[in-house]
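Take a look at the structure set out below.
In my numbering, the protein residues as written are -15 to 62.
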């Protein structure tokens, strides 16, 4: 996934494994993310530049793999 530059560029997906893979690639590249919204069965993550500054996209969804990865975490530093 290559997020756009619009902070409202949210990729919503029911494919939890794809979201986990996208977030892992983001983190592996040295970039930063943080949870910006939690609701029952859904979590939205903001994708930030490597310096933790500008938001460049979002990932949002549910599913056990996605929710399990983000349980108890607020960001890539956790």
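No residue lacks a Cβ here, since even glycine has one placed at the ideal position from N, Cα and C. Predicted, not measured: the structure shown is a model, and the values here were computed from it.
Out of 31, -1, 1, which one is the CA nearest neighbour of residue 58?
Mapped onto the chain shown, residue 58 falls at position 74. Considering only alpha carbons, the answer is 31.
Contact check, residue 50 vs residue 16, beta carbons under 7 Å
Within the chain shown, numbered from 1, the residue matching residue 50 stands at position 66. Within the chain shown, numbered from 1, the residue matching residue 16 stands at position 32. Not a contact, by the Cβ cut-off of 7 Å.
Put residue 22 into one of helix, strand or coil per three-state DSSP.
Numbered from its first residue, the chain shown carries residue 22 at position 38. DSSP places residue 22 in strand when its eight states are reduced to three.
State yes or no: is the beta carbon of residue 34 nearer than 7 Å to at least one beta carbon in chain C?
Of the protein chains in this structure there is only one, and it is not chain C.
Residue 18 versus residue 28: straight-line alpha-carbon distance, rounded
By one-based count along the chain shown, residue 18 stands at place 34. By one-based count along the chain shown, residue 28 stands at place 44. Whole-angstrom Cα-Cα distance: 9 Å.
In angstroms, rounded to a whole number, what distance separates the CA positions of residue 23 and residue 46?
Looking up residue 23 in the chain shown gives position 39. Looking up residue 46 in the chain shown gives position 62. Near 9 Å, if we compare the C-alpha coordinates of residue 46 and residue 23.
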